[in-house]
Amino acid sequence: DFFLDAAAGVGYRFSNHLSAGFGVAGLNLTGDASIIPGPGFVWEPDDHTLIALYGPVFRATREMSDKWRLGFEFRPNGGIWNLDTALGSMNLDYTNFRTGITSAHHLAGDLWLTLAGGMTLGGSINVTTTDGSRIFQNQLDDLKSGYYGSISLSLKAW
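Counted the way the numbering used here counts, the sequence shown spans residues 11 to 168.
What follows is the structure, given as C-alpha cells:
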C-alpha cells in the first residue's frame with residue numbers, strides 16, 4: 011500500500027528552542043483519509059534533539075550524525091477499508107496505536123529512508139454498512155497487542 015500524510019499549522023515561537031501552536035494533520039490522504047486537528051509543540055533542548063507533539067503524534071528524535079537520526083514515536087494507526095460482499099457493501103474500521111523506535115538514514119539531497127518497529131496497542135475492529143449502521147463491533151474489548159515494522163521514504167524539503 012502507498013500512504014501519504016501531511017500536516018500544517020500555525021504557532022508562536024517562545025524562544026529559539028520552544029514553539030507551540032495548533033494545526034491539522036491529514037493521515038492516509040491516498041485512501042480513506044482522516045483529518046485530525048490538534049495542539050502541538052516543538053522543543054529542541056539542544057542542537058541534536060527534537061521533542062515534538064503534532065496533534066496525536068508524539069516524537070522524540072536524536073541526531074546521531076548528519077546522516078542518521080534515531081527516535082521514538084507514539085501515534086494513532088489503522089484504517090477503513092470498503093468491502094463488497096454477497097451481503098452488500100460494508101466498511102471495516104480498524105484502529106490502534108503504535109509505539110516504537112525509528113531509525114532515519116539520509117540517502118541523497120532531501121531524501122531519507124526510515125526503518126521503524128515496535129508494538130501496536132489498544133486495537134479495535136468495527137464493521138458498518140456504508141450508511142453507518144453497525145453490523146459488528148469487536149466483542150473482545152481490546153485486541154491483543156502485536157509487533158509492527160515499516161520502511162518508508164521521506165522527502166525532508168522544509
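Think of the CB as a built atom: it goes at the ideal place given N, C-alpha and C, for glycine as much as any other residue.
Counting of Cβ neighbours within 10 angstroms places N92 among the exposed residues, the total staying below 16. Comparing alpha-carbon positions, the option among E83, K166, V137 and N136 lying closest to P66 turns out to be E83. Partner residues in the beta bridge of A16, as assigned by DSSP, are G36. Assignment of S155 by DSSP, reduced to helix, strand and coil, places it in the coil class. Only exposed fits A96, as fewer than 16 other CB atoms lie within 10 angstroms of its CB.
T139 counts as exposed, since fewer than 16 other beta carbons sit within 10 angstroms of its beta carbon.
Residue pairing by DSSP places M100 opposite L93 and T139 in a beta bridge. The three-state secondary structure of P49, taken from DSSP, is strand. A residue is called buried once 16 or more other Cβ atoms fall within 10 Å of its Cβ, and N106 is buried on that count. Going by C-alpha positions, H115 is about 34 Å away from I135. Of all alpha-carbon atoms in F68, A62, G89 and G110, the one lying nearest the alpha-carbon of G41 is that of G89.
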